[in-house]
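**Q** For the sequence shown, the numbering used here assigns the number 1 to the initial residue and increments by one for each residue that follows.
Virtual Cβ for every residue (Gly too), placed ideally from N, Cα, C.
Submitted below is the structure of interest, expressed as structure tokens.
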Amino acid sequence: MTSLLFAMVASFLAATGARDQLLVARLSAALDPSTGLLAIALASSAITAGIAAWFGARLAETMSENAATMFVAIALLLAAFECAWPNREKTPKEPTRSLGAIAIVLFARQLTDASRFLIAAFAVVFASWPLAGFGGALGGGAAVAIGWAMNSALEQRLPLRAIRIGLALALFVLASITGLTARGIIV
């Protein structure tokens with residue numbers, strides 16, 4: 001149960017202002033909020049969370065405790081860099097109305113985002129990867145649903161860049177502490 005809660009909260013926080021949430025918000029504003037877009041975003045979030053959790057569980061089977069802790073530190077560091085990376089994408093002038101094309105782009109973006117790194121880390125740390133995947137799907141799904149519901153107001157009302165930088169700093173500190181702990185420098 002711990003893996004579900006941690007993965008849900010971490011995934012939601014890391015997905016706030018992320019590329020997938022912004023894409024869904026921008027498409028929702030440009031195409032009018034459609035339930036098809038929301039369904040595609042939720043399905044992609046669930047599938048990529050499941051893949052990340054499964055991958056983390058497979059890695060955990062081959063790692064010692066110190067190696068698993070170091071993997072978590074690396075996953076946190078990658079999530080920090082992904083959060084700090086500026087999102088310079090513009091709203092598409094003529095966005096596609098193809099749900100298949102939107103699904104492919106969302107899947108590709110979500111598969112390597114900060115949320116999925118954190119889900120994989122929780123799957124390594126905790127014994128239950130299905131719960132980590134389910135929690136990640138809930139958190140990531142909630143983030144894209146908020147983007148879909150708020151559409152253009154998301155970027156106007158929330159200081160997304162400041163939120164992402166704050167998350168990046170917090171994740172970097174956690175990665176540093178976890179990595180130093182894995183090396184035995186901090187007990």
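Is the Cβ-Cβ distance between S115 and A25 less than 8 Å?
**A** Pairing S115 with A25 gives a Cβ-Cβ distance that is not under 8 Å.
**Q** In three-state terms, what does DSSP make of G184?
**A** If DSSP states are grouped into helix, strand and coil, G184 belongs with coil.
**Q** Can you have a look at L171 and say buried or exposed, based on whether 16 or more other CB atoms are within 10 angstroms of its CB?
**A** buried
**Q** Could you tell me the distance, in whole angstroms, from the CA atom of L174 to the CA atom of A162?
**A** 18 Å
**Q** Is it the case that the region 122 to 130 contacts the region 46 to 61, given that we only count it when at least three CB pairs across the two stretches are under 8 Å?
**A** yes
**Q** Are the region 140 to 147 and the region 75 to 84 touching by the rule of at least three beta carbon pairs closer than 8 Å?
**A** no
**Q** Near A41, which residues of its chain fall below 7 Å by C-beta distance, leaving aside the five closest residues on each side in sequence?
**A** In the same chain as A41, and ignoring 5 residues on each side of it, the C-beta atoms closer than 7 Å to its own belong to V24, L106, V144 and W148, in chain order.
**Q** I need the straight-line Cα distance from A39 to A84, nearest angstrom please.
**A** 28 Å
**Q** Give the single residue among D32, G135 and Q156 whose Cα lies nearest to the Cα of A46.
**A** G135
**Q** Any idea if I119 is buried or exposed, counting beta-carbon neighbours within 10 angstroms, 16 or more meaning buried?
**A** buried
**Q** Where does M1 land, buried or exposed, given buried means 16+ other C-beta within 10 angstroms?
**A** exposed
**Q** DSSP state of L158, grouped into three classes?
**A** DSSP places L158 in coil when its eight states are reduced to three.
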